[in-house]
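Trainee: Quick note on numbering: my numbering labels position 63 of the sequence shown as 245, and the sequence is numbered without any gaps.
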Amino acid sequence: MATDIEQADEHFRDWMRSNLARAADHFELMVADEPHFGWRLRSISAPTRRRGNTYWLRVVTEDPRWLPGDFWTGNTDAEVFSGVAKPRVLDTTEWDGPNRRIRAEMMTVMPGRPCSATEVLRSFADLPADWWAELRRTVEVIGSTPTTRLNVNQDKVTRRVRAVVGDRVDLRDRKSVV
């Protein structure tokens, strides 16, 4: 059974690589390095080049039943933040695949180097005080920017709390109770 899952994952990785190639062709970009897969293989990204400029290309896929959703347009929605260091989305495109929706985003690349080669920081990152000060300022800007996006809703909170404490706690959303 593990072999079946491994084969299915490899087939999906190949399909995602083909989506990355299709997006690169669409934006007239050349993939410049090995791609990186995101959480549960639902995205693939790579540095790209066009006419001497470097860009970041991200391709994400989802079952159409879960669309639209805040996560689908998160990078373009983040354009609302100003005065913070972050990549900018320059262009997007979407298309349909077999039972999936695919979205590609062409973005700017941030200067500097990553603190870790993976999503987990596995060794000490010796960062200067001004780096931490800029991080605090950025978090304050993000925290003070109004949004209608939600990370969790009342149903999800209720399910998670019920799994731990059962129904001993009243979990009605107090803001909506008259």
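Idealized CB from N, CA, C, for every residue including glycine.
Quick one: using the 10 Å Cβ neighbour count with 16 as the cut-off for buried, is R285 buried or exposed?
Mentor: Classification of R285: buried, given that the 10 Å Cβ count is 16 or more.
Trainee: Rounded to the nearest angstrom, what separates V360 and L353 at their Cα positions?
Mentor: Confidence at V360 is low in this model, with a pLDDT of 37, below 50, so the placement of that residue should be treated as unreliable; the coordinate-derived value is given next. C-alpha separation (whole angstroms): 14 Å.
Trainee: So who's on the other strand from F219, going by DSSP bridges?
Mentor: In DSSP, F219 forms a bridge with I226.
Trainee: Count the C-beta pairs between the segment 217-230 and the segment 257-268 that are closer than 8 Å, then say yes if the count reaches three, no if not.
Mentor: Verdict: no, contact absent.
Trainee: Would you kindly check if the distance between the Cβ of A214 and the Cβ of T243 is under 9 Å?
Mentor: No, Cβ-Cβ distance for T243 and A214 is not below 9 Å.
Trainee: Quick one: Cα of V351 to Cα of R331, how far?
Mentor: Cα-Cα distance, rounded: 26 Å.
Trainee: For F219, which of L202, D207 and E210 has the nearest alpha-carbon?
Mentor: Closest by alpha carbon: L202.
Trainee: Taking its Cβ as the centre, do 16 or more other Cβ atoms sit within 10 Å of P217, making it buried, or is it exposed?
Mentor: Classification for P217: buried.
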